Amino acid sequence: QQHWPGLPLEEDIRKLDDSSIPQTDVWAAGFPCQDLSLARMGPRSGLRGNQSGLFHEFMRLVRGRSPRAIILENVHGLLSSHGGRDFAIVLKALDELGYGVAWRVLNSKDFGVPQQRRRVYIVAMHRDREGPGQILFEPQCSDWNNKEGRQNEKKPPSLFQTIIGNSRKGPLVKSIAHCIYAESARHTGTDWSRNYVWYPDGRVRRFTPNEVERVQGFPEDWTLPHHFGEKQADRIDSLRYHAIGNAVTPPVADWVGHRLISVMKAQDKEVLRSSAMIAAE
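Here the working numbering = 1-based position in the sequence shown + 121.
Shown next, in the form of structure tokens:
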């Protein structure tokens, strides 16, 4: 409401009727990831869970309105949930409604953001089998067959190794209560693949909300409310951490969105050209 005033805000998708949704070309959704995440403690409920299962409510609305294009985002654990069966349910649901589908795992670090954040993006277009792939995958530079290079002998250094590899020794903090993720169960680990926090001279300081915004690719103070009551003041930081941790990385969303618009505009021009040719005949 702060950034898009006047935009209707619905609190429960289960109570939403498709007739109340304006006719639009593109729908974007990120159904809850808690039942699909690899960071979940214990078995994953998958699409049968109370939270991630809201995907079925989203598809109920799609069935009633048939938007031209759909963008879905979720944790990459969706691909492996219940041996891939949950992802198959997603693909089948879209296919049954006449959507062509493509998917790709995108990592925020490849879009100028300093964090490992792998998410699966699913693009579906109504009665279009080629468009989704054109959106998520870049064409090859040429038709030449590339010669296969030699295999790397060593794994590339992690961001952590790159940043502090030559720094002086200091204590290593293996757990921290407050982190940039939305789930408290996700904590720093014991190997290079997880998140470490290193503090010289034993000084401990958590990331500020503004720092977390930068790590996610948001403008500074984007999540800071302009107005809030005295009772909310003590919770503002916690709410900001939670919102940022649940958010889609803006540079990634921007890349997907612009490619979608480009493909849709090209398709519209082709339709107009074909219509003009038919009219001329």
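Glycine included, C-beta positions come from ideal geometry on N, C-alpha and C. Given the structure is predicted, the values throughout are model-derived calculations rather than measurements.
Which residues share a DSSP beta bridge with residue i?
i           : result
residue 199 : Paired residues: none, contrary to the question.
residue 225 : 242
residue 220 : 247
Less than 8 Å between the C-beta atoms of residue i and residue j, yes or no?
i           : j           : result
residue 210 : residue 242 : no
residue 336 : residue 255 : no
residue 334 : residue 365 : yes
residue 252 : residue 388 : yes
residue 179 : residue 142 : no
residue 199 : residue 207 : yes
residue 344 : residue 361 : yes
Consult DSSP for residue i and reduce its assignment to one of helix, strand or coil.
i           : result
residue 194 : strand
residue 247 : strand
residue 148 : strand
residue 360 : helix
residue 187 : coil
residue 348 : coil
residue 334 : helix
residue 369 : coil
residue 208 : helix
residue 253 : helix
residue 377 : helix
residue 126 : coil
residue 342 : coil
residue 236 : coil
residue 142 : coil
residue 301 : Note that residue 301 scores 40 on pLDDT, short of 50, meaning its location in the model is unreliable; the coordinates nonetheless yield the value given after this. The answer is coil: DSSP assigns residue 301 none of H, G, I, E or B.
Out of the options, point me to the one whose CA is closest to residue i's CA.
i           : options               : result
residue 72  : 232, 202, 258 and 233 : This structure leaves residue 72 out entirely; the chain is present only between 122 and 402.
residue 181 : 137, 203 and 381      : 137
residue 186 : 199, 201, 219 and 207 : 219
residue 234 : 342, 392, 370 and 377 : 370
residue 196 : 239, 139 and 394      : 239
residue 126 : 380, 347, 392 and 355 : 347
residue 339 : 260, 183, 222 and 368 : 368
residue 124 : 201, 152 and 342      : 342
residue 379 : 244, 183, 201 and 237 : 244
residue 222 : 381, 394 and 391      : 381
residue 217 : 201, 183 and 202      : 183
Taking 8 Å as the limit between beta carbons, can you name the residues of its chain near residue i, skipping five residues before and five after?
i           : result
residue 122 : 128 and 130
residue 189 : 146, 147, 246, 247 and 385
residue 349 : 357
Using a Cβ-Cβ cut-off of 7 Å (strictly less than) and excluding sequence neighbours within five positions of residue i, which residues of its own chain qualify?
i           : result
residue 373 : 227, 229 and 232
residue 204 : none
residue 150 : 179 and 193
residue 250 : 221
residue 391 : none
Among residues of its own chain, excluding the 5 on either side of residue i, which ones have a beta-carbon nearer than 6 Å to its beta-carbon?
i           : result
residue 330 : 358 and 361
Report yes if the C-beta of residue i is less than 7 Å from at least one heavy atom of the ligand HEM; otherwise report no.
i           : result
residue 192 : This structure does not include the ligand HEM; it has no bound ligands of any sort.
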